[in-house]
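Working notes, beginning with the structure itself.
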Amino acid sequence: MIDFSIKESVINTISILGSGWLGLPLATQFYKQGFSVKASTRHNDRFSEIASSGASAFIVDIDELAESGEFLQADILIINITSKNISGFARLIQQIETSPIQKVLFISSTSVYQNLNREVTEDEQAENHDSELWQIEQLFQTNKNFETTILRFSGLIDERRHPGRFFRNGRSVPQADAPVNLIHLNDCLGIIDAILQQEAWGEIFNGCAETHPSKREFYSYARQLMGLSPPEFDIESDIKYKIISNQKVKNKLNYRFQHPDLMKIAF
1 MIDFSIKESV
11 INTISILGSG
21 WLGLPLATQF
31 YKQGFSVKAS
41 TRHNDRFSEI
51 ASSGASAFIV
61 DIDELAESGE
71 FLQADILIIN
81 ITSKNISGFA
91 RLIQQIETSP
101 IQKVLFISST
111 SVYQNLNREV
121 TEDEQAENHD
131 SELWQIEQLF
141 QTNKNFETTI
151 LRFSGLIDER
161 RHPGRFFRNG
171 RSVPQADAPV
181 NLIHLNDCLG
191 IIDAILQQEA
201 WGEIFNGCAE
211 THPSKREFYS
221 YARQLMGLSP
231 PEFDIESDIK
241 YKIISNQKVK
251 NKLNYRFQHP
261 DLMKIAF
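Structure (structure tokens):
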């Protein structure tokens with residue numbers, strides 16, 4: 001089990017905006033470590049599932065944002081939703097400004113980087129500035145009323161998001177010879193843990209496994225694990241890709257990946 005204890009911390013309450021694939025396991029782990037946890041959903045029928053994690057459930061919809069009130073009565077806010085509603089996030093920031101929250105962890109995506117056909121890092125201005133997600137990141141990073149760390153995850157995988165099921169029903173894999181950028185759920189949780197424990201605020205971090213096999217290699221391997229034949233692959237001579245560097249989380253946070261080699265994950 002990942003240790004979510006934050007030594008000598010004054011953090012008592014953590015709010016998690018988004019309680020899906022990553023948010024619900026986060027809520028469970030924080031609760032087990034003794035924190036008061038609040039988790040949001042857009043649907044009332046998920047309240048019992050959230051309650052089973054130990055968290056208190058709240059309705060928060062970034063697209064129709066009402067006064068978030070009690071949900072934002074917290075020490076730390078972790079934002080973990082896929083919305084790209086810029087105006088919705090701008091309204092959320094206004095509410096954060098009048099709340100007790102001083103620290104925000106914004107879960108973003110490495111899709112903000114341009115396809116430069118090489119390795120990209122957090123500190124070289126390799127982002128696509130037309131990306132709505134990058135523009136949302138900027139809203140948080142430039143706000144002086146609280147500190148924000150941006151955590152950009154690559155493609156998310158585990159047993160529930162088994163990559164052997166990504167390309168089914170005759171779907172072919174595009175850019176077959178391009179490298180993959182993926183990360184296991186356990187490492188998502190571990191990196192978040194490291195950020196909170198080390199109080200690494202005001203930073204940008206990439207979260208991505210160590211290895212980058214080609215899509216052809218990796219998805220054939222993932223399907224083999226399920227006893228299935230390889231998927232169909234599109235053959236394209238002009239491939240566009242990026243290789244996500246994970247050096248910063250290893251160097252600055254001293255983080256050691258639990259699943260560094262994608263070709264050795266057993267799922």
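Counting with UniProt numbering, you get residues 1 to 267 for the letters of the sequence shown.
Glycine is no exception: its CB is placed at the ideal position from the N, C-alpha and C atoms.
Leaving aside the five residues that flank Glu122 on each side, the residues in its chain whose CB is nearer than 7 Å to its CB run, in chain order, Ile204, Phe205, Asn206 and Lys248. Check the Cα spacing between Phe167 and each of Phe106, Trp134 and Phe233: the tightest is with Phe233. Around the Cβ of Arg171, a 10 Å sphere holds fewer than 16 other Cβ atoms; the residue is exposed. Residue state for Glu147 is assigned as strand, using DSSP reduced to three classes. Pairing Ile265 with His184 gives a Cβ-Cβ distance under 8 Å. Per DSSP, reduced to three states, the secondary structure at Lys103 is strand.
By the neighbour-count definition (other C-beta atoms within 10 Å, threshold 16), His212 is a buried residue. Going by beta carbons, Asn115 and Lys215 fall outside the 8 Å limit. In the DSSP annotation of this structure, Ser111 is not part of any alpha helix (DSSP H), being labelled neither H nor E. Shown here for Lys144: not one same chain residue has a beta carbon closer than 8 Å to its own, the five before and five after excluded. Beta-carbon to beta-carbon, Cys188 and Leu156 are separated by about 7 Å, close enough to satisfy the 8 Å threshold.
According to the DSSP assignment, Ile86 belongs to no beta strand (DSSP E) but to the alpha helix (DSSP H) extending over Ile86 to Glu97.
Cβ neighbours of Gly88 within its own chain (closer than 7 Å, five residues either side excluded): Ile62, Asp63 and Leu65.
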